[in-house]
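If you read the protein sequences in the order shown, they are chains A and B.
Per my numbering, the very first residue in the first sequence carries number 30; after that it's consecutive.
Per my numbering, the very first residue in the second sequence carries number 28; after that it's consecutive.
All C-beta atoms, glycine included, are put in the ideal place defined by N, C-alpha and C.
Each remark here refers to the structure printed beneath this line.
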Amino acid sequence: MSAAAISIEQATRRYRGGDALLDFSLEVPAGEFVCLLGPSGCGKTTLLNLVAGFDRPTSGRVLVQGRPVEGPDPSRICIFQSYALYPWRTVLGNVEYGLEVRGVSRPQRRAVAEEYLRLVGLEGFSRHHPHQLSGGMQQRVALARALAVDPESLLMDEPFGALDALTRIRLQDEVARIARARSKTILFVTHDVEESVFLADRIVVMAPSPGRIQRIIEVPLKRPRCRTNDGFIALRAEVLHELGVVHPGEPLRTSHHLPESMP
Amino acid sequence: MSAEAVTAARPPTPAGPPTDARSLLVAAARRLLPFAGLALLVLVWHLLAASGLYTSEQLPAPLDALRASREVWRDGSLLPHVGASLARFASAYLAAVAVAVPLGLLFGLRPSLWKAADPVIQVLRPISPVAWFPLAVLWLGIGNLPAIAIIFVAAFYPALLATVSAVHRVDPVYLRVARNFGTRDHQLLLKVIVPAAFPQIAMGLRLAVGAAWVYLVAGEMLGARSGLGFLIVDARNFLRTDLILMAMALVGAIGFVIDRGVAFLERRLDARWGLAPEEHP
Chain A
30 MSAAAISIEQ ATRRYRGGDA LLDFSLEVPA GEFVCLLGPS GCGKTTLLNL VAGFDRPTSG
90 RVLVQGRPVE GPDPSRICIF QSYALYPWRT VLGNVEYGLE VRGVSRPQRR AVAEEYLRLV
150 GLEGFSRHHP HQLSGGMQQR VALARALAVD PESLLMDEPF GALDALTRIR LQDEVARIAR
210 ARSKTILFVT HDVEESVFLA DRIVVMAPSP GRIQRIIEVP LKRPRCRTND GFIALRAEVL
270 HELGVVHPGE PLRTSHHLPE SMP
Chain B
28 MSAEAVTAAR PPTPAGPPTD ARSLLVAAAR RLLPFAGLAL LVLVWHLLAA SGLYTSEQLP
88 APLDALRASR EVWRDGSLLP HVGASLARFA SAYLAAVAVA VPLGLLFGLR PSLWKAADPV
148 IQVLRPISPV AWFPLAVLWL GIGNLPAIAI IFVAAFYPAL LATVSAVHRV DPVYLRVARN
208 FGTRDHQLLL KVIVPAAFPQ IAMGLRLAVG AAWVYLVAGE MLGARSGLGF LIVDARNFLR
268 TDLILMAMAL VGAIGFVIDR GVAFLERRLD ARWGLAPEEH P
């Protein structure tokens, strides 16, 4: 494995209400897919904001490629649950945005944007405006916009949280495929257990008040992954168990009555 | 049959495209309702004039006003007045927008500046634009400018306040995205803040159009030698109440058309800006 792309060293982020994150340490090697999983209030988003550079730790350090994070940077692009596309720009204009502010010439950025729109399967929609697209398509645009500036890492904050179940599965497939093909380092915040098992190389299970690591679970499943095979289901049960969802008398291998939501 | 149509129009009909003859009729009746309201206004006016409560000098009937409009149309004096009013209105309004929007952007972007400016605006704003007239004459002389100044003042505040609040309400996530992609400070205003604030600014500009048009007549009544406001004063001096009512009706009608025009533009722009999901793929 190569050197740590992201390393968080005993980071604490204190707000008036308490510690959103306490003494948090994590090393993420380049190209790894890490899911931050846990109930709300466990500091997942706080952590993501520290790595993104939108926020600073009260104490401790956040290093990216060995250098302390000073602020947001196009090498670390955030993807938000609300897509955060610019409604006044076309789909193509949105994907071009990062290249445009960087001063890339129009024909060049157009070519790059079109390439990434193809990658996310939206080549026919470049002239549309975001509001003409479904939520899933808008998040694909956001993904293309992020990839167009060729970032080292993607910081995804519950990116599929607002999508219906089927769309979410399709986008998970998409992200898994792209993450592998483009070898991006990905921090992915979610509270969806199945999503984390499907996507992650490692799942960082977090606990709230103060936000901290409860346990790190390796996901040894081969890719591309299948959501219905025994290994997947067993691991999902293990993660659920870690989060305190226990089903007495229910053997792990036939657990098709797992609840959708977590406590 | 028509009675049935009227009663059918009364209960709120379920939304959706009309399918049968009856609902088509209801839909047609609904479309006619705005005209029915206007017709009622003219009818009340007519009945009041015909009631004998006032003499025809005090309250001419709608037809008298119509005859008066034909008179000023034939002698060629109407169009120059309308033209003068529109020119004043347009120049004052555009000047107000040209000052208010950049100032509003500045105040919106600099919270400390706005903290100082806000009370100043709030103290000046309740002063009716008309109250500025004596000073406007002293400072600007007699003629076009005082009237323009009044319209300017009337349009200025809504445009300014809408712009400030539009900037304040720009979704913070847009700014995060901008910073994330490395947007430089000098790019931020034109690439993100202005377009993000634009729909709300446009709404303020529409309010400003209404205010400007309302104070046009006041401004022209006070000092101008042309325009619809002057026409009203002039008609008063000759006790031509039919002309006064004609001019008033014309002011209302033109104001209505301008407002509809601006509303139309606003909808078009909003659709472009992705605020009105009208067209779906």
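- Asn258/A counts as exposed, since fewer than 16 other C-beta atoms from the protein chains shown sit within 10 angstroms of its C-beta.
- For the pair Ile242/A and Arg231/A, the CB atoms are not nearer than the 8 Å cut-off.
- As summarised for the segment 166-213 of chain B, the continuous alpha helix (DSSP H) elements at least 4 residues long and confined to that stretch are 171-195, 199-207, given in chain order.
- Taking 3 residues as the shortest admissible run, the segment 37-63 of chain A contains the following complete beta strand (DSSP E) segments, listed from N- to C-terminal end: 47-58.
- The continuous alpha helix (DSSP H) containing Thr74/A extends over residues 73-81.
- In the DSSP assignment, Phe62/B falls outside any beta strand (DSSP E) and within the unbroken alpha helix (DSSP H) covering 48-77.
- By the C-beta criterion, the segment 98-113 of chain A is judged not to be in contact with the segment 280-288 of chain B, since fewer than 3 inter-stretch pairs fall below 8 Å.
- Bridge partners of Ala208/A according to DSSP: none are assigned.
- Between Trp159/B and chain A, the shortest Cβ-Cβ separation is not below 8 Å.
- By the neighbour-count criterion, in which a residue is buried when 16 or more other Cβ atoms sit within 10 angstroms of its Cβ, Tyr44/A is exposed.
- Spanning the alpha carbons of Leu215/B and Pro116/A requires a straight line of approximately 16 Å.
- In the three-state reduction of the DSSP assignment, Arg244/A falls in the strand class, which pools E and B.
- At a cut-off of 8 Å between C-beta atoms, Thr210/B counts as an interface residue with respect to chain A.
- Between the segment 115-131 of chain A and the segment 258-273 of chain B there are fewer than three C-beta pairs closer than 8 Å, too few to call the two in contact.
- Closest by C-alpha distance to Lys213/A, out of Leu51/A, Ala59/A, Ile262/A, is Ala59/A.
- The beta carbon of Ala176/B sits closer than 7 Å to those of Trp159, Ala163, Leu167, all from its chain and outside the five residues before and after it, given in chain order.
- In the pairwise beta carbon analysis, the segment 261-275 of chain A is classified as touching the segment 219-238 of chain A: at least three pairs are separated by under 8 Å.
- Only exposed fits Lys251/A, as fewer than 16 other CB atoms lie within 10 angstroms of its CB.
- Residue burial annotation: Asp269/B is buried, with at least 16 other C-beta atoms found within 10 angstroms of its C-beta.
- With respect to Thr196/A, Gly165/A sits close: the two C-beta atoms are nearer than 8 Å.
- Against chain B, the beta carbon of Asp102/A has neighbours under 8 Å at Asn207, Gly209, listed in chain order.
- For Arg96/A, the three-state secondary structure derived from DSSP is strand.
- For Leu272/B, the uninterrupted alpha helix (DSSP H) run begins and ends at 268-299, by DSSP.
- For Arg203/B, a Cβ of chain A is located within less than 8 Å of the residue's own Cβ.
- Its Cα nearest to that of Val194/B, the residue Val221/B stands out among Val221/B, Ala186/B, Val180/B.
- The beta carbons of Leu148/A and Leu184/A sit about 19 Å from each other, so the pair does not count as a contact at 8 Å.
- Put simply, the backbone Cα of Cys255/A is about 56 Å away from that of Pro129/B.
- Residue contact with chain A for Val200/B: present (Cβ-Cβ distance below 8 Å to some residue of chain A).
- Under the three-state reduction of DSSP output, Val234/A falls in the strand class.
- When the Cα atoms are used, Glu99/A and Pro180/A turn out to be separated by approximately 16 Å.
- Contact check between the segment 202-210 of chain B and the segment 134-154 of chain B: fewer than three CB pairs, one atom from each, fall below 8 Å, which does not count as touching.
- Assignment of beta-bridge partners to Leu130/B by DSSP yields no partner.
- In the three-state reduction of the DSSP assignment, Asp193/A falls in the coil class, being assigned neither a helical nor a strand state.
- Between Pro116/A and chain B, the shortest Cβ-Cβ separation is below 8 Å.
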